[in-house]
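Report on the following structure.
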Amino acid sequence: MFTDGFLGYRTSFMLDFVVCALILIVPLLLYSLYLVKFKRQFTKHKWLQLALGIILLFAVGAFEIDLQIVHGGWENIVLKSHPEEAEFAAKVAEARPYLRVHLLFAVTTPILWFTTLVLAFRRFDSPPQPGQHSRTHKTLGWLSTIDITLTAVTGLVFYYVAFMTS
Ligand code: HEM
1 MFTDGFLGYR TSFMLDFVVC ALILIVPLLL YSLYLVKFKR QFTKHKWLQL ALGIILLFAV
61 GAFEIDLQIV HGGWENIVLK SHPEEAEFAA KVAEARPYLR VHLLFAVTTP ILWFTTLVLA
121 FRRFDSPPQP GQHSRTHKTL GWLSTIDITL TAVTGLVFYY VAFMTS
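As numbered in my numbering, residues 1 to 166 make up the sequence shown, in order.
Next up, the structure:
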């Protein structure tokens, strides 16, 4: 069960699931920023950001278990569509640099996201209002936003190169 993807490529269920989660997270994040910047609805922004953090944590956690433990690494997923040895080696070599760039953002995002959340929960009042923590929070908040967006974009590029092109 769940050994192939549902987007039409020879991937895995969890890989396709994370691709969808990454695509979904960007509009939800934009909505949360719209709420805080234009509507000044700080409490909704707070809970939406927490929910996004939890969704990300579960999606990425389940994905890593599936990829590393169930499949034994992304190369084994490439092997499904490139069983011939030379083709497989060429595809892995082609896709690896894209993965490295993606990992740069994918590793820093949870750290930034976690720091932004913890500091915001500690330093803003409840219900949240702009205050002394606003300056730091805006910097961390925008950095987290840029980082997650680049994680999503580079993840999709890697998916395209590794699994969608022959
Ligand atoms: C990782 C999670 C979060 C991210 C990425 C994030 C992102 C942002 C960003 C980018 C802004 C600035 C919008 C602008 O330029 O006007 C902002 C504002 C704000 N956020 Fe968050 N936020 C997060 C979590 C939270 C949490 C948990 C709270 C409350 C406990 C919170 C409360 C606020 C408040 C009160 C403002 C308005 C600050 C002001 O205008 O002075 N945020 N957030």
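Don't be surprised by glycine CBs; every beta carbon is placed ideally from N, CA and C.
All values reported here derive from a predicted model rather than from experimental measurement.
I think Leu-52 touches Leu-29, with their Cβ atoms under 8 Å apart; what is that distance to the nearest whole Å? Rounded, the Cβ-Cβ distance is 6 Å, consistent with contact.
Cβ of Gln-132 within 6 Å of any heavy atom in the ligand HEM? No, the ligand HEM has no heavy atom inside 6 Å of this Cβ.
What are the boundary residues of the alpha helix (DSSP H) that Arg-96 is part of? Per DSSP, Arg-96 belongs to the alpha helix (DSSP H) from 85-123.
Where do the ends of the alpha helix (DSSP H) carrying Lys-37 lie? In this chain, the alpha helix (DSSP H) harbouring Lys-37 covers 13-37.
Restricting to Cα atoms, I'd like to know which of Phe-105, Ala-89 and Val-78 is closest to Thr-154. The option with the nearest alpha carbon to Thr-154 is Phe-105.
Please list, in chain order, all residues of the same chain as Phe-163 whose beta carbon is under 6 Å from its beta carbon, the five residues on each side excluded. Taken in chain order, the residues that qualify are Tyr-9 and Thr-11.
State whether the segment 69-86 contacts the segment 18-26, with contact taken as three or more CB pairs (one from each stretch) at a distance under 8 Å. The way I'd put it, the segment 69-86 doesn't touch the segment 18-26; fewer than three beta-carbon pairs between them come closer than 8 Å.
Might you give, ordered along the chain, the residues of its own chain that have their beta carbon closer than 6 Å to the beta carbon of Phe-158, omitting 5 neighbours on each side? Here the set comprises Tyr-98, Leu-99 and His-102.
The alpha helix (DSSP H) spanning Leu-52 covers which residue range? Leu-52 -> alpha helix (DSSP H) spans 42-64.
Exposed or buried, which one is Ser-166 when buried takes at least 16 other CB atoms within 10 Å? Flag for Ser-166 reads exposed.
May I ask whether a heavy atom of the ligand HEM can be found less than 6 Å away from the beta carbon of Pro-128? True, at least one ligand heavy atom lies under 6 Å from that Cβ.
Burial state of Ser-32 (16 or more Cβ within 10 Å): Ser-32 is buried by the Cβ-count criterion.
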